[in-house]
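Here's the structure, in C-alpha cells; my notes come after.
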Amino acid sequence: MVLEAVVCAILLVISLLIFYQISPSTPVVSSETELSDLKTKGDDSLRFLNGLKVHGAEEGYPDDALSYYLAKNNFKPLKENLSLFLPDTIEYNVYISNGKEEVFCFSSGSGKLGPMGPTARSYRYVSVDIDLIKSSWHGEIIPGYQGRTYQVVLELWYI
32 MVLEAVVCAI
42 LLVISLLIFY
52 QISPSTPVVS
62 SETELSDLKT
72 KGDDSLRFLN
82 GLKVHGAEEG
92 YPDDALSYYL
102 AKNNFKPLKE
112 NLSLFLPDTI
122 EYNVYISNGK
132 EEVFCFSSGS
142 GKLGPMGPTA
152 RSYRYVSVDI
162 DLIKSSWHGE
172 IIPGYQGRTY
182 QVVLELWYI
C-alpha cells in the first residue's frame with residue numbers, strides 16, 4: 032500500500048514536469064515595457080495626425096489634420112484615424128491643454144473613460160489662430176486663454 036502511494040506520487044511529479052516542459056511559455060511583459068510601448072504608440076499616433084494633410088481644407092485654416100480638426104471643433108475624423116492607427120487593445124482619452132489647464136475632448140468610447148491600469152501620455156504642440164478657435168468653438172477652448180499654442184494630450188492604456 033505504501034509502495035503504491037510512493038509510485039503514484041512519483042508518477043504525478045513526473046507527469047507535472049513533463050506537462051510543464053511541453054506547455055508553451057507565456058511571455059511576461061513588465062509594466063515598464065508596457066508603458067514604453069504605449070508612449071511610443073501615442074507619440075507615433077500624434078505625429079501621424081500632425082503630418083496628415085487635410086485635402087480641401089478651408090482657406091486660412093491649418094492643413095494638418097490635428098490642427099485643422101481642433102480649429103474646426105470636429106473630432107470625429109481624428110477619432111476615426113486613431114481607431115485605424117491604434118490596436119483594439121488600447122483605449123484612450125484626448126485632452127487639449129495650455130500647459131496649465133486641461134479640457135477633455137474625446138475618447139475611444141462614447142465619453143470620458145477611466146483608465147484601466149497603467150497609463151502613458153503623449154503630447155503634441157499645435158498652433159491655431161485664436162479667431163478660428165472662437166468662431167468654431169463659440170468662445171475659447173480653455174476659458175481665459177487667448178494664446179494660439181495648444182498641447183494635444185493623448186492618454187492611453189491597455190484593456
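Mapping to my numbering: the sequence shown position 127 is 158, numbers consecutive.
Beta carbons: idealized from backbone N, C-alpha and C, even for Gly.
Inset, instruction - Spatial neighbours of Lys84 within its chain, please: CB distance less than 8 Å, with the 5 preceding and 5 following residues excluded, ordered by chain position. - result: Asp94, Asp95 and Ala96
Legend entry - Minimum length 4: unbroken alpha helix (DSSP H) runs contained in the segment 62-107: 62-82 and 96-102
Inset, instruction - Would you mind working out which of Ser98, Lys72 and Ala40 sits nearest Gln182, comparing C-alpha positions? - result: Ser98
Legend entry - Helix, strand or coil at Ile41 according to DSSP, with G and I counted as helix: helix
Inset, instruction - For Val59, I'd like the list of residues in its chain whose CB is within less than 7 Å of its CB, leaving aside the five on either flank, ordered along the chain. - result: Note that Val59 has pLDDT 46, beneath the 50 cutoff, so the model's placement of it is unreliable and the number below is only indicative. Taken in chain order, the list of residues that qualify is empty.
Inset, instruction - Below 8 Å CB to CB, which residues in the same chain sit around Ala102 once its five sequence neighbours on both sides are set aside? - result: Tyr92, Pro93, Val159, Asp160, Leu163, Ile164 and Ser167
Inset, instruction - Can you tell me which of the three DSSP states Val134 falls into? - result: strand
Legend entry - Enclosing alpha helix (DSSP H) for Ser203 [first to last residue]: This structure cannot speak to residue 203, because the chain is shown only from 32 to 190.
Legend entry - Through-space distance from Cys136 to Leu66, alpha-carbon basis: 23 Å
Inset, instruction - Would you mind sorting Ile173 into buried or exposed? The rule is 16 or more other CB atoms within 10 Å of its CB. - result: buried
Inset, instruction - Using three-state DSSP, classify Asn112 as helix, strand or coil. - result: helix
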